[in-house]
Structure formats: structure tokens, C-alpha cells
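J.:
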Amino acid sequence: MIKAAIFSFFVLLLGVFPSLSTAQENASTPAPAPTVPASPPVTVSPAAMPEVSSQNSASQKPAVNSASSVVPCRKYCSIPVDGPYLALAFDDGPSATLTLKLLDLLKAKGVKVTFFVIGENAASHPEILARAVAEGHEIGNHTWDHPQLTKLSDVRIQEEVNKTSEVILQATGKKPLLLRPPYGAINARVSHLVVDEDGMKMVLWSVDPMDWKRPGSAVVAQRLIAGAKPGAIMLAHDIHPGTIEAIPTVIDALLAKGYHFVTVSELIAMESQAPQPAVAPTTASGGAPTPVVHKKHRKKSL
Ligand SMILES: [Zn+2]
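Heads up, the sequence shown is in our numbering, so the first residue is 9 and it goes up one at a time.
So, in C-alpha cells, the structure goes:
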């Protein structure tokens with residue numbers, strides 16, 4: 009009776025706080041000091057999901073494993089690496105104007121990034137995806153039309169993911185390996201469908217400049233530069249003019265500090281098995297839970 013009650017409690021916790029679950033891919037990484045689930049978030053999804061680094065998530069493993077019928081969430085927020093490597097990732101495109109402008113400046117700087125594209129946008133501009141891949145960038149899946157996956161049925165989740173992956177495959181010749189769930193909204197069910205069923209890696213972020221609020225290019229640049237750490241996965245959107253204007257400053261500043269930009273898959277491949285200190289989350293808003301609601305901005309931008 010008591011065991012059943014404890015089990016139910018953990019199942020309930022998983023539903024409310026998806027980040028209580030573990031990053032199984034990093035289970036071999038020794039966990040640092042336990043992280044309290046309510047630690048300051050980087051950005052918070054509508055499900056009030058604190059952003060923690062992948063190795064921090066592993067510290068919650070016992071809580072998950074006590075509920076054997078529940079598949080844990082597995083996600084990458086940042087990667088423990090041994091060198092000054094980080095990944096810059098752009099969501100919600102491609103944009104017929106801004107993504108092309110971004111590709112031009114990335115080419116001029118010799119920097120590789122990752123684009124988490126929305127399927128319906130990718131279907132409109134497959135040539136932009138083809139160019140991005142030809143120039144060394146990675147394309148990830150950001151669903152077909154940017155829903156909150158946790159609110160969809162299993163079938164609808166798989167439609168969102170698979171339809172987008174097919175468009176990316178047709179445009180680039182490569183099936184995407186990564187999924188970034190809109191709003192960072194995941195739970196054990198989404199994780200099971202994406203990671204186990206589709207064999208993809210779930211990628212969130214460790215630095216969010218809140219560029220969807222359009223705070224101005226100088227603020228976006230400052231936030232990204234301030235949040236940079238080895239192994240960071242930095243979030244931005246290639247649908248906001250101010251973000252594109254900020255990128256040259258960000259790249260120049262971080263190159264000057266000795267950082268190397270790699271794609272998210274390259275960063276994951278660099279994952280160190282050595283004990284790592286916890287990567288402190290960075291927030292642009294002081295940590296107050298703020299739902300990411302950039303879809304309406306996307307609609308305005310395109
Ligand atoms: Zn998005």
C-alpha cells in the first residue's frame with residue numbers, strides 16, 4: 009500500500025516536473041553534487057521545466073528508476089567537454105531573408121551552427137536547408153508546426169516529427185538526428201516516442217538570450233556572450249532581425265575568447281566521461297519562470 013503510494017507520487021512528479029527524469033545517455037557520467045529540481049532555470053517551458061545540464065539530470069536517476077514502468081526523459085542541455093567548444097543553434101526557420109543573411113555571415117566567419125527547422129517552413133524553402141548542409145551546418149527537427157508536444161496524442165507527436173524529418177531528408181539527403189521540442193516541453197512519453205521509437209536525440213539548451221522578446225541586438229549579443237561556457241548549447245532564432253544583427257558581435261567576441269563553434273552533434277560526440285563540475289544555468293531574465301511563446305513572433309516574421 010505504502011509502496012503503491014510512493015510509486016504514484018513519483019509518477020505524479022514526473023508529469024509535473026519532467027526534468028526530474030534523467031538523461032540516460034549520460035548515465036555513465038559521474039553525477040556531481042545533487043541538483044535540486046527547483047534550482048534557478050535558464051528558461052522554463054510552459055510545463056515549468058527547469059533547465060539543467062545533462063549531467064545534473066543524471067543525479068535524479070534513482071527517483072526515475074523507482075518507477076519501472078515510466079520511461080525517463082533524456083535530453084541534452086549542455087555537454088561536458090574537455091575543450092573550449094560550444095554550439096550555437098537557431099530555431100524556427102528557415103526564413104527566406106534572415107536565414108540567408110545569417111548563412112552569408114556564418115560563411116564569412118567560418119562558423120558552423122545547427123538549425124532546428126520547422127517543417128512547414130522547411131517545405132517552403134528546401135533550398136535553404138540544402139545550402140546550409142552544403143556549407144557544413146547541421147539541420148535538426150523542430151516539429152512541423154511548433155506545437156507543445158506534451159499536449160498531443162502519440163500519433164500526432166509522431167506525425168509532427170516524422171513529417172518534418174522527411175522534408176529535411178528530401179532537402180538535404182540526411183535524416184535529422186536531433187529534435188528540439190518546441191517550448192522545451194517534454195515528458196517521459198514524448199521522450200519515449202522520440203528517443204526510443206525514432207532513435208533521435210532530444211536537444212534543449214543551456215543559454216537563452218530571450219531574443220524572441222526582441223530586446224535589441226546589443227542585449228541579445230551581451231546575453232549570449234555572457235552565457236558562453238565550454239559545452240554550452242546556445243539558443244537563438246533566425247527569424248528575428250535583431251538576432252541576426254547580434255551574431256557577428258557574438259562570434260567575434262567568443263572567437264577572441266578562444267571558443268570554437270561546432271554543431272550540436274559534434275558537441276555531443278565530444279562528451280567527456282570525466283567528472284565535470286555542474287554548469288551553472290544562465291538566464292536572461294533573472295530566473296523567473298517565463299513561458300516561451302515565440303510562435304506568434306514567428307508568424308509575424310515570416
Ligand atoms: Zn521554436
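Yeah, the Cβ is synthetic: ideal placement off N, Cα and C, and Gly gets one too.
Hey, out of Glu174, Asp99, Val228, Lys159, whose CA is closest to Pro134's CA?
T.: The option with the nearest alpha carbon to Pro134 is Glu174.
J.: According to DSSP, is Val215 helix, strand or coil?
T.: It is a strand residue.
J.: Taking the alpha-carbon positions, what's the Met278 to His150 distance?
T.: Going by the C-alpha atoms only, they are around 23 Å apart.
J.: Please look up how many angstroms separate the CB atoms of Ala95 and Ile252, rounded, as I've assumed it's under 8 Å.
T.: At roughly 18 Å, the Cβ-Cβ gap does not stay under 8 Å, so Ala95 and Ile252 are not in contact.
J.: For ligand 1, I want to know if His154 counts as a neighbour, meaning its beta carbon is within less than 7 Å of at least one of the ligand's heavy atoms.
T.: Correct: His154 has its Cβ closer than 7 Å to ligand 1.
J.: For His248 and Thr107, what's the separation of their Cα atoms in angstroms?
T.: Rounded to whole angstroms, His248 to Thr107 spans 10 Å at the Cα level.
J.: Assuming Val272 contacts Thr122 under a Cβ cut-off of 8 Å, what Cβ separation, rounded to an integer in Å, is found between them?
T.: That belief holds up - the Cβ atoms of Val272 and Thr122 are roughly 4 Å apart, short of 8 Å.
J.: Leu243: which of Asp206, Pro190, Glu205 sits nearest, CA to CA?
T.: When each option's Cα is compared against that of Leu243, the closest is Pro190.
J.: Within the same chain, show all residues whose beta-carbon is closer than 8 Å to that of Lys265, passing over the 5 residues directly before and after it, in chain order.
T.: Result list for Lys265: Pro92, Ala236, in chain order.
J.: Flag Pro190 as yes when its Cβ comes closer than 7 Å to any non-hydrogen atom of ligand 1, and as no otherwise.
T.: Indeed, a heavy atom of ligand 1 lies less than 7 Å from the Cβ.
J.: Could you give the DSSP three-state label for Pro249: helix, strand or coil?
T.: Helix at Pro249.
J.: Confirm, please, whether the CB-CB distance from Ala193 to Gln156 is below 8 Å.
T.: Yes, Cβ-Cβ distance for Gln156 and Ala193 is below 8 Å.
J.: Let me check you understand the geometry: is the CB of Asp100 closer than 7 Å to at least one non-hydrogen atom of ligand 2?
T.: In the structure on display, ligand 2 does not appear, and the ligands it does have are ligand 1.
J.: If I'm right that Val211 touches Arg188 with Cβ under 8 Å, what's the distance once you round it to whole angstroms?
T.: The pair is a contact, with the Cβ atoms about 5 Å apart (cut-off 8 Å).
J.: Per DSSP, what kind of secondary structure is Val198 in: helix, strand or coil?
T.: Reduced to three states, the DSSP call for Val198 is helix.
J.: Name, in chain order, the residues that DSSP records as bridge partners for Leu186.
T.: Lys209.
J.: Return yes when the Cβ of Leu111 is within less than 8 Å of the Cβ of Arg139, no when it is not.
T.: Yes, Cβ-Cβ distance for Arg139 and Leu111 is below 8 Å.
J.: Which of the three DSSP states is assigned to Ala236 in this structure?
T.: Coil.
J.: Between Lys120, Arg164, His145, Thr158, which has its C-alpha nearest Trp152's C-alpha?
T.: Measuring from the Cα of Trp152, the nearest candidate turns out to be Arg164.
J.: DSSP state of Glu146, grouped into three classes?
T.: In this structure, Glu146 counts as strand in the three-state DSSP scheme.
J.: Val198: which of His145, Val141, Asp162 sits nearest, CA to CA?
T.: Among His145, Val141, Asp162, the Cα nearest to that of Val198 belongs to Asp162.
J.: Provide the residue span of the beta strand (DSSP E) that contains Leu114, from first to last.
T.: That residue, Leu114, is in no beta strand (DSSP E); its alpha helix (DSSP H) goes 106 to 117.
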